[in-house]
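**Student:** Per our numbering, the very first residue in the sequence shown carries number 1483; after that it's consecutive.
Every residue, glycine too, gets a C-beta built ideally from N, C-alpha and C.
The structure follows.
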Amino acid sequence: MSAADLRPLASNVSLPLIMRSVLLILTMVALFPTESVATKPCPKDSCRDAASKFQRAECTERADWIAVGRITNVRHHVEGNPLNKDFARFDFNIERWEKGRQKGVDKLTFEVGWCFNRSELPTDITGQFRFYGTNSLGAGQESGPTYLDFEKLTSRSTGLLPSVAIRH
1483 MSAADLRPLA SNVSLPLIMR SVLLILTMVA LFPTESVATK PCPKDSCRDA
1533 ASKFQRAECT ERADWIAVGR ITNVRHHVEG NPLNKDFARF DFNIERWEKG
1583 RQKGVDKLTF EVGWCFNRSE LPTDITGQFR FYGTNSLGAG QESGPTYLDF
1633 EKLTSRSTGL LPSVAIRH
């Protein structure tokens, strides 16, 4: 039997175009389920409300440690579309601990991430900042310290948390 003999047989057996398209789609869904391709969502931001307003009391409660210090040695790593985020790496030089003092630690190096260390650095990094951190690693994070959030201290700030006593 030659290829020419098979053509009439193949045309009689072929499915209409719509049925072939549906079959192709069903095959793709079966072979590539969406949950295996989709990215898992980040956990809820524990220091921000639905309007992205910083919630100091909740953040203080959830933080394993709180420290005040200065941001130095910033190495920007700006990603364009579709991420549009600066995954900067920077040092946080600790001037004082307000909760969960880490003995012998006076500097932490952070890297802004997507789900962990998610808050990007502000344009103005002069002055003091208060970082709220956790001792556990973020999802997908292999190493390094994790902060829940941070805030820039202003001249109106007392520099101390009203609800947290300094622990040494």
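In or out: Glu1561 buried (at least 16 other Cβ within 10 Å) or exposed?
**Tutor:** Position 79 of the sequence shown, counted from the start, is the residue given in the question as residue 1561. Flag for Glu1561 reads exposed.
**Student:** Which residue from Glu1580, Lys1634 and Pro1498 puts its Cα closest to that of Asp1546?
**Tutor:** Indexing the sequence shown from 1 puts residue 1546 at position 64. When each option's Cα is compared against that of Asp1546, the closest is Glu1580.
**Student:** Counting only beta-carbon atoms, is Phe1613 nearer than 8 Å to chain D?
**Tutor:** Protein chain content of the structure displayed is limited to a single chain, and chain D is not contained in it.
**Student:** Just curious, the alpha helix (DSSP H) that Thr1542 is in, first and last residue?
**Tutor:** The residue you call residue 1542 lines up with position 60 of the sequence shown. It spans Arg1538 to Arg1544 - the alpha helix (DSSP H) in which Thr1542 sits, taken as one unbroken run.
**Student:** Bridge partners of Arg1530, per DSSP?
**Tutor:** To locate residue 1530, count along the sequence shown from 1; it is residue 48. Phe1536, per the DSSP bridge assignment.
**Student:** Please report the distance separating the alpha-carbon of Ser1601 from that of Arg1530.
**Tutor:** On the sequence shown, position 119 is the one that residue 1601 refers to. On the sequence shown, position 48 is the one that residue 1530 refers to. Rounded to the nearest angstrom, the two C-alpha atoms are 11 Å apart.
**Student:** Determine whether the beta carbon atoms of Arg1552 and Phe1592 lie at a separation below 8 Å.
**Tutor:** On the sequence shown, residue 1552 is found 70 positions in, with the first residue counted as 1. On the sequence shown, residue 1592 is found 110 positions in, with the first residue counted as 1. Going by C-beta atoms, Arg1552 is not nearer than 8 Å to Phe1592.
**Student:** Between which two residues does the beta strand (DSSP E) harbouring Thr1616 extend?
**Tutor:** The residue you call residue 1616 lines up with position 134 of the sequence shown. Note, Thr1616: beta strand (DSSP E), Phe1611 to Thr1616.
**Student:** Which same chain residues, not among the five before or five after Gln1584, have their C-beta less than 7 Å away from its C-beta?
**Tutor:** Translated into positions along the sequence shown, residue 1584 becomes position 102. Within the same chain, Gln1584 has close Cβ partners Trp1547.
**Student:** Between Leu1505, Asp1573 and Lys1535, which has its C-alpha nearest Leu1603's C-alpha?
**Tutor:** Residue mapping note: residue 1603 aligns to position 121 of the sequence shown, counting from 1. Among Leu1505, Asp1573 and Lys1535, the Cα nearest to that of Leu1603 is on Asp1573.
**Student:** In or out: Pro1523 buried (at least 16 other Cβ within 10 Å) or exposed?
**Tutor:** In the sequence shown, counting from the first residue as 1, residue 1523 sits at position 41. By the 10 Å Cβ count, Pro1523 comes out exposed.
**Student:** Is it buried or exposed for Thr1542, if we count other Cβ within 10 angstroms and need 16 for buried?
**Tutor:** Counting from 1 along the sequence shown, the entry for residue 1542 is found at position 60. Thr1542 should be labelled buried.
**Student:** With DSSP as the reference, identify every bridge partner of Val1550, one or two as the case may be.
**Tutor:** What you label residue 1550 is simply residue 68 of the sequence shown in a count that begins at 1. BP columns for Val1550 point to Arg1578 and Arg1612.
**Student:** Tell me whether Thr1628 sits in a helix, a strand or coil according to DSSP, three-state version.
**Tutor:** Here residue 1628 refers to the residue found at position 146 when the sequence shown is read from its first residue. Reduced to three states, the DSSP call for Thr1628 is strand.
**Student:** How big is the Cα-Cα spacing for Pro1498 and Thr1509?
**Tutor:** Residue mapping note: residue 1498 aligns to position 16 of the sequence shown, counting from 1. Residue mapping note: residue 1509 aligns to position 27 of the sequence shown, counting from 1. When rounded, the distance between both Cα atoms is 17 Å.
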